[in-house]
Amino acid sequence: MNLFNVYPINPINIVKADGLAVWDSEGNEYLDLYGGHAVISIGHTHPHYVQRITEQLNNIGFYSNSIEIPIQKQLAQQLGEVSGKEDYTLFLCNSGAEANENALKLASFHTGRKKVIAFSKSFHGRTSLAVAATDNPSIVAPINETENVVFLPFNDEEALAIAFAEYGNEIAAVIIEGIQGVGGIREASVSFLRLIRSLCDQYGSVYIADSVQCGYGRTGDFYSHDYAGVDADIYSMAKGMGNGFPIGGISISPKFKASYGLLGTTFGGNHLACAAAVAVLDIIKKDNLLANAASVGSYLIEELKKFDKVQEVRGRGLMIGIDLPAEFAHVKKDLLLKNRIFTGEAKPNVIRILPALNITKEIADRFLTALDERLKA
Ligand code: PMP
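Rendered as structure tokens:
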């Protein structure tokens, strides 16, 4: 049977990993600054993570969601503590798309409305509601109903105010990434996020903070909207939550009365995924990784701004976009082939780095030296 390749296949065969280091099948070592697209949050094969999942598997790997699963409660309690949202309710699922799907569905049930406001260059996932709110025509199929989604320019306060003035009473939800990831590392301004909050309050719409890529401590805050001092009604999360073990969730404001049976899934909140997620939160807390993300991230951003060939450095914490002029289109590939450093990209010519939150300053320096070498070559 042929295999459907989701992404263009990289010929390097990674077979082993430890922290931010990965090795190919020939024993060559690479530095992973992409973390499988913001997924690796506490480093690869962290001993506590491996031990926690192994112990869980030795006890019970899976049983149905129709029983009490204490580790789910433990996860909710730890997540409430680290995110500072102890009065929110956690619904567990399996991916970022599924998290956004449920967030949008819940918003629609809660308000009885259909319209959704999303933004240019947004990415919310590939399932039907999530993809309908995604501004990427190449992945929106004709079957996806988009007529209820209105795309507005990102960070355009006037356009947002006009949209609410015209049909605010029909708007179920506004969904926004605090920092657009796939869209090229673009940060929502503080005043834009505050305006979303106040318009959602005024019109009874639901504010959904897609924190799948920019959340989970990546920016130094737990959720990416924290820096604006606003509370969203629903935070969606996935990626870094399980450090590679598939898990997603939505954190739901206490103002919702999410009734039994409205949201559901077979695998969401399974014992193994919860063990992985609990281990991640243990390490985030024990090793003070939010502070590390903030400090190493700011250091990287400040240093990158000193490169004269870099057009713009965008982002916050460990979510960084390095915008290069067109003649440096080969740099990402060269960083991999010549310096053995994995990075990501965004169109047209942005290098994205999304390393594990326990990156050290020494590793950051290694990257800065390599980039300097590439830009001079
Ligand atoms: N939201 C954002 C902001 C994302 O970056 C992604 C994945 N790139 C998703 C949602 C979808 O997540 P998943 O691939 O786990 O469905």
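Using the working numbering, you'd call the opening residue of the sequence shown number 2 and step up by one each time. Every residue gets a Cβ at the ideal spot worked out from N, C-alpha and C, and that includes glycine. On a predicted model such as this, the values are computed, not experimentally measured, just so you know.
Quick one: what does DSSP say residue i is sitting in, helix, strand or coil?
i    : result
M238 : strand
Y204 : helix
I354 : strand
V175 : strand
Y50  : helix
G250 : strand
K17  : strand
F124 : coil
F92  : strand
I186 : coil
E313 : strand
G345 : strand
Y217 : coil
F63  : coil
I321 : strand
I180 : strand
E167 : helix
H272 : helix
K258 : coil
Nearest-angstrom Cα distance between residue i and residue j?
i    : j    : result
F92  : A142 : 28 Å
R375 : F257 : 51 Å
D33  : D373 : 18 Å
I1   : E346 : Outside the displayed range of the chain (2 to 378) lies residue 1, so it cannot be described from this structure.
I177 : G322 : 18 Å
N293 : I360 : 8 Å
D283 : D222 : 16 Å
R195 : D202 : 11 Å
V314 : L305 : 7 Å
Q57  : K240 : 21 Å
R317 : A278 : 23 Å
E363 : L107 : 44 Å
E328 : L263 : 52 Å
D88  : A39  : 27 Å
I406 : R198 : The question about residue 406 has no answer here: the residues shown for the chain are numbered 2 through 378.
E99  : L338 : 35 Å
A1   : V83  : Examination of residue 1 is not possible in this model, given that the chain is present from 2 through 378 alone.
G243 : H47  : 12 Å
R53  : Q79  : 15 Å
Y236 : K377 : 42 Å
R187 : A274 : 30 Å
T55  : N101 : 30 Å
Y204 : G97  : 27 Å
A173 : Y8   : 33 Å
S129 : N103 : 11 Å
R367 : N145 : 45 Å
T135 : K287 : 36 Å
A189 : V332 : 27 Å
Y168 : I251 : 27 Å
T147 : P138 : 11 Å
Taking 7 Å as the cut-off, is the CB of residue i close to at least one heavy atom of the ligand PMP?
i    : result
A277 : no
S96  : yes
G126 : yes
A239 : yes
Q214 : yes
H38  : yes
G249 : yes
D211 : yes
N101 : yes
E178 : yes
Is residue i near the ligand SAH - that is, is its Cβ less than 7 Å away from at least one heavy atom of it?
i    : result
V183 : In the structure on display, the ligand SAH does not appear, and the ligands it does have are the ligand PMP.
Rounded to the nearest angstrom, how far is the Cβ of residue i from that of residue j, given a contact under 8 Å?
i    : j    : result
L153 : A164 : 6 Å
G269 : N95  : 6 Å
L291 : V311 : The Cβ separation is near 26 Å, so there is no contact.
F120 : V183 : In fact, because the Cβ distance is near 12 Å, the residues do not count as touching under 8 Å.
A229 : V191 : 4 Å
R350 : A330 : The sequence given here has Asn at residue 350, not Arg. Confirmed, Cβ separation roughly 6 Å.
S26  : N14  : 4 Å
V207 : H111 : 6 Å
I354 : T344 : 5 Å
With a threshold of 8 Å on Cβ separation, who are the neighbours of residue i within its own chain once the five nearest residues in sequence on each side are excluded?
i    : result
I140 : R127 and V132
N149 : K115, K116, V117 and A133
Y50  : I43, N244, A277, A280, V281 and I284
To which residues of the same chain is residue i closer than 6 Å at the C-beta, ignoring the five residues directly before and after it?
i    : result
D335 : R375
S225 : G179, I180, S212, C215 and G216
W24  : K17 and E30
R341 : Y31
E171 : R114 and K116
Q73  : G270 and C275
Got a sec: is the Cβ-Cβ distance from residue i to anything in chain B below 8 Å?
i    : result
L369 : The structure shown contains no chain B; it is built from a single protein chain.
Among the residues of its own chain, which have a CB less than 7 Å from the CB of residue i, if the five just before and after it don't count?
i    : result
N156 : A189, S190 and F193
G1   : Beyond the ends of the chain as shown, which are 2 and 378, falls residue 1; an answer cannot be given.
A166 : none
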